[in-house]
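Working notes, beginning with the structure itself.
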Amino acid sequence: MGTVLLKADHIYKSFGATKAVVDFSVEIMSGEVRGFIGENGSGKSTFSSMVAGVYKRDDGTMQINGREYVPHSTVEASDNGIALVVQEAGVIAEISGACNIFLNKESRFSGKLGIDFNEMNKAAAEALKKVYSEHVDPTIPCSMLNLEDRKLIEIAKAMCDDPQLLIIDETSNALTTRGREILYKVIRDVKARGGSVLFITHDLDELVEVCDSVTIMRDGHYITTLPKEEMIIKRMRELMVGREMSDNYYRADTVKSYEEEVVLRADHLSAPEINDVSFELHKGEILGIGGLSDCGMHDLGKALFGAEKLDSGSVVLADGSHITDPKMAVEKRIGYMSKNRDTEAIILQYPIDENICIPSLARLVRNGIIRSREERELSRTWADKLSIKLRSIHSYCATLSGGNKQKVVLAKWLGNESRILIMDCPTRGIDIGVKEAIYRLMQDLKKEGVSIVMISEELAELIGMSDRIMVMKDYSISKILDRSADLTEKTVIEYMI
Amino acid sequence: MNATKAENGFNWQRMVLKLYPFFVLGLLLIFFGVLTKGTLFSSRNIKNILESSFQYLIGCMAALFIFAQGEQDFSMASNIALSAILAAMISKTSVPLALVVALVSGIAVGCACGFLYARLPIPVFFLTMCIANVIAGFLGPMTNYQSVKTPVSMLNLDNTNLKLLVAVIFAVIIYVIYNKTTYGKYSRAIGASPVVARLSGINLSRYKFAAFVFTGIAAGIVAFFSICKSGGASKATGTMFHFNVMVAMALGGATTGGPKVKFRCAVIGPLIISVLTLGMNLARIPVGMQNLMKGVLFLAVMVLSDRLSRFDVD
Chain A
861 MGTVLLKADH IYKSFGATKA VVDFSVEIMS GEVRGFIGEN GSGKSTFSSM
911 VAGVYKRDDG TMQINGREYV PHSTVEASDN GIALVVQEAG VIAEISGACN
961 IFLNKESRFS GKLGIDFNEM NKAAAEALKK VYSEHVDPTI PCSMLNLEDR
1011 KLIEIAKAMC DDPQLLIIDE TSNALTTRGR EILYKVIRDV KARGGSVLFI
1061 THDLDELVEV CDSVTIMRDG HYITTLPKEE MIIKRMRELM VGREMSDNYY
1111 RADTVKSYEE EVVLRADHLS APEINDVSFE LHKGEILGIG GLSDCGMHDL
1161 GKALFGAEKL DSGSVVLADG SHITDPKMAV EKRIGYMSKN RDTEAIILQY
1211 PIDENICIPS LARLVRNGII RSREERELSR TWADKLSIKL RSIHSYCATL
1261 SGGNKQKVVL AKWLGNESRI LIMDCPTRGI DIGVKEAIYR LMQDLKKEGV
1311 SIVMISEELA ELIGMSDRIM VMKDYSISKI LDRSADLTEK TVIEYMI
Chain B
42 MNATKAENGF NWQRMVLKLY PFFVLGLLLI FFGVLTKGTL FSSRNIKNIL
92 ESSFQYLIGC MAALFIFAQG EQDFSMASNI ALSAILAAMI SKTSVPLALV
142 VALVSGIAVG CACGFLYARL PIPVFFLTMC IANVIAGFLG PMTNYQSVKT
192 PVSMLNLDNT NLKLLVAVIF AVIIYVIYNK TTYGKYSRAI GASPVVARLS
242 GINLSRYKFA AFVFTGIAAG IVAFFSICKS GGASKATGTM FHFNVMVAMA
292 LGGATTGGPK VKFRCAVIGP LIISVLTLGM NLARIPVGMQ NLMKGVLFLA
342 VMVLSDRLSR FDVD
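In order, the protein sequences belong to chains A and B. Going by my numbering, 995 is the number at position 135 of the first sequence; the sequence numbering is gapless. Going by my numbering, 323 is the number at position 282 of the second sequence; the sequence numbering is gapless.
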């Protein structure tokens, strides 16, 4: 490793009364891959956004290669060799991959008759090749690409001008194993040519594999920086949350346990991406559904909630009623946590309390008028019960960190006294502390007789939490596995592929 | 240290941004009050302000639900013209019946718009423009391209106190529905994210339909009082009404759908327009300059609104 590439000194940033980054100082060397970890809301993304010119700092100084650095915009940051790949969707869905990659750089392709799109498409194909993503077609609108390919477009965009510092903010959540491999190759390429990478992730195994060192943040403060040899997962977790943590936060029991009563029956469900799926969900059961990302499990979750149009089959509850639409599902006390949290589960530009109360409003009406006091109590009670970190219950959900947003989603459905919860990737993109809290909550709900359908791409989570695991392959059920001490990831994978 | 500034609790910038329509109205009152040496505040002019605000107050309050859903109703003007013509035709038989006809006609057009809005995948802008054109196409032949006169006795109903009473009753009803029932809350949720609203158990079709019923009712009321005031109706009745409602809502602070569309937007916006227009007339500002000033004010409000959208101000 060479000279200091980025030096940040006593950086402060607040949003209203919330101190997002407090007296934070760090140095990143050229040729270094630096991990950034911390619980949701610890300030990682805020700091990286300041480096990338998204936010302006309140106080402190930054230097790039010894020169003072005060970015006023992402364009200015880009001119200084800094590129950011963001946590959420960072492409414009309606335009092509090529247009996204060269957004704001269209003048490079100016011809006599305007922009030469053929040249732009060729250059985009080259940019994608550079990030090992030749399979992505840069000429079609990004809305036609899957989430992973959109992320690869973003990576190509970030890499097209060979940045000195590449910031990757929780991007790997959206990637499959193949996508992650591509990302790691890109990181190695940046490092090999002397650039640096600031890598933010909640996956500590990945962090240990990819990074040379790691900086830990908590509540906006700098905690410490560990070199590679000191990057031990248990220690990093404890430094992140500021307390000792057990190694195993999953269920301690090793046999399935639920009541005989069937609360939901899926009867020969078929849809474009569901093929003749039938199963029963019991009272107090955690039914895990696993498989490859495109095996149909996410569509199945929506279908159980009445949000996916079925070609045939039905979802029947214990009282004989058929679930045909989300309104009916909510009335029957079913809750659905979409894996696309920011676009399908909560309204970002909407107050936290109102988000929590949406499904419950109909219950709070007397003589046509919503009882304001009960509405207030409902939102406050669940925000408190789930320890949602917020500056005001009336703030917009957009101001919350990922883990706290997920808690709002949970509060929304628990507030409606849901007896069946469909949780699609419930711990995706959230930190270890919130993860642990969600697993604990799931076990409490199970004890109370709530039935849970947990769709997950994390095998450890499926094995650790489920009474039964329904493995899906090519839109059908390939196997149902019972909870057992002998159940391994290898066994589950065998039925997935 | 800057970092601690935000911790000091009260944030002036946030408060100004949140309440900027009130400041705009206050500044206009002070400005024109001084410019007209207090004439603006005479009882006659106060009455004029209320009188000229009436129809837009009704229109804006009813349009709250559509604005909250992030949409607009471009058929309101045509709906008012149709309802006014039908009411004027029937008024020769019975004045109370004219009111009923105006309301029924307004609601019927609103229901038609609402039904199509809820069922067809057509942007509301195009849908309501098309409906407006269809109605406008009928109005000419229906009236033989002439205005339809009403009985002289109806002019007695053009009474400021009566209008004030109607506006207050309408405001109370809309306030309660918008803020205290699921109609208002769900409309705001739909405007902020129709996808999440649907996945939270909200029946989108029902609330989309209902939003147009409210503008239909408003069209009926405005149509009735319009013929009371002018003594007749023609296909030009209500011209540009939807546009003025849009401007008033924007001046009142409702420039996007969702939770930022507050009840107060529908009250402050029409008052701002009325004070501005009357103030400029009293100050004898030439018409060209009046348009310029309106344009500048509108631009300033849009800039403020853009600033507001970057803040977490509800």
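Note that CB positions come from ideal geometry on N, CA and C, so glycine has one too. Computed from a predicted structure; not experimentally measured.
Is there a C-beta anywhere in chain A that falls below 8 Å from the one on residue i?
i, result
"alanine 212 (chain B)", "no"
"proline 300 (chain B)", "yes"
"threonine 296 (chain B)", "no"
"lysine 226 (chain B)", "yes"
"alanine 230 (chain B)", "yes"
"lysine 303 (chain B)", "no"
"lysine 221 (chain B)", "yes"
"glycine 67 (chain B)", "no"
"proline 162 (chain B)", "no"
Give a yes or no on whether the minimum CB-CB distance between residue i and chain B is below 8 Å.
i, result
"proline 1219 (chain A)", "yes"
"glycine 1228 (chain A)", "yes"
"isoleucine 1015 (chain A)", "no"
"tyrosine 929 (chain A)", "no"
"alanine 1271 (chain A)", "no"
"isoleucine 1191 (chain A)", "First, the amino acid is wrong: residue 1191 (chain A) is glutamate here, not isoleucine. So yes, glutamate 1191 (chain A) belongs to the interface."
"isoleucine 1183 (chain A)", "no"
"tyrosine 915 (chain A)", "no"
"glutamine 1303 (chain A)", "no"
"serine 1198 (chain A)", "yes"
"glutamate 887 (chain A)", "no"
"glutamine 1266 (chain A)", "no"
"tyrosine 1210 (chain A)", "yes"
"glutamate 1168 (chain A)", "no"
"glutamate 1306 (chain A)", "According to the sequence shown, residue 1306 (chain A) is lysine rather than glutamate. No - not a single Cβ of chain B is within 8 Å of the one on lysine 1306 (chain A)."
"alanine 1205 (chain A)", "yes"
"proline 1286 (chain A)", "no"
"lysine 1187 (chain A)", "yes"
"alanine 1243 (chain A)", "no"
"valine 1225 (chain A)", "yes"
"alanine 1131 (chain A)", "no"
"alanine 1358 (chain A)", "It is not possible to answer for residue 1358 (chain A), since the shown part of chain A is limited to 861 through 1357."
"alanine 1222 (chain A)", "yes"
So if DSSP puts residue i in a beta bridge, which residue, or which two residues, is it bridged to?
i, result
"methionine 923 (chain A)", "In the sequence as presented, methionine is not what sits at residue 923 (chain A); that position holds glutamine. Partner(s): A:Lys867 and A:Glu928."
"proline 1087 (chain A)", "A:Ser1073"
"histidine 1182 (chain A)", "A:Val1176"
"valine 189 (chain B)", "B:Ala274"
"glycine 873 (chain A)", "It is lysine, not glycine, that sits at residue 873 (chain A) in the sequence shown. In DSSP, lysine 873 (chain A) forms a bridge with A:Val881."
"valine 344 (chain B)", "Partner(s): none; valine 344 (chain B) has no beta bridge."
"alanine 1126 (chain A)", "A:Phe1139 and A:Val1175"
"phenylalanine 896 (chain A)", "A:Ile1060 and A:Thr1075"
"aspartate 1342 (chain A)", "A:Arg1328"
"lysine 1333 (chain A)", "A:Ser1336"
"arginine 1226 (chain A)", "A:Ile1229"
"methionine 889 (chain A)", "A:Val864"
"serine 956 (chain A)", "A:Pro1001"
"leucine 1147 (chain A)", "A:Val1313 and A:Arg1328"
What distance in whole Å lies between the Cβ atoms of residue j and residue i, which are believed to be in contact at a cut-off of 8 Å?
i, j, result
"isoleucine 1207 (chain A)", "serine 1255 (chain A)", "Not really, about 13 Å apart at Cβ, beyond 8 Å."
"serine 908 (chain A)", "isoleucine 1060 (chain A)", "6 Å"
"isoleucine 1282 (chain A)", "leucine 1164 (chain A)", "5 Å"
"glycine 957 (chain A)", "alanine 984 (chain A)", "6 Å"
"alanine 128 (chain B)", "alanine 264 (chain B)", "6 Å"
"valine 991 (chain A)", "leucine 1005 (chain A)", "Rounded, the Cβ-Cβ distance is 14 Å, inconsistent with contact."
"leucine 240 (chain B)", "glutamate 1204 (chain A)", "6 Å"
Could I get the ranges of all uninterrupted alpha helix (DSSP H) runs contained in the region 127–182 of chain B, with 4 residues as the minimum, in chain order? Complete alpha helix (DSSP H) runs here, min 4: 136–160.
Which parts of the region 240–291 of chain B are runs of the alpha helix (DSSP H), unbroken and 4 residues or longer, counting only runs that do not cross its ends? 245–271
To test your reading of the DSSP string, which unbroken beta strand (DSSP E) runs of 3 or more residues are found completely within the region 975–1034 of chain A? Assignment of beta strand (DSSP E) within the region 975–1034 of chain A, counting only whole runs of 3 or more residues, yields 1025–1029 in chain order.
Anything in the region 230–244 of chain B with a Cβ closer than 8 Å to a Cβ of chain A? List those residues in chain order, please. Hits within the stretch, in order: Ala230, Ala233, Ser234, Val236, Val237, Ala238, Arg239, Leu240, Ser241, Gly242, Ile243 and Asn244.
Using Cβ-Cβ distances below 8 Å, what residues of the region 892–911 of chain A are close to chain B? none
Inside the region 1239–1323 of chain A only - beta strand (DSSP E) runs reaching at least 3 residues: 1280–1284 and 1311–1315
Mind listing which residues of the region 946–963 of chain A have their C-beta closer than 7 Å to chain B's C-betas, in chain order? none
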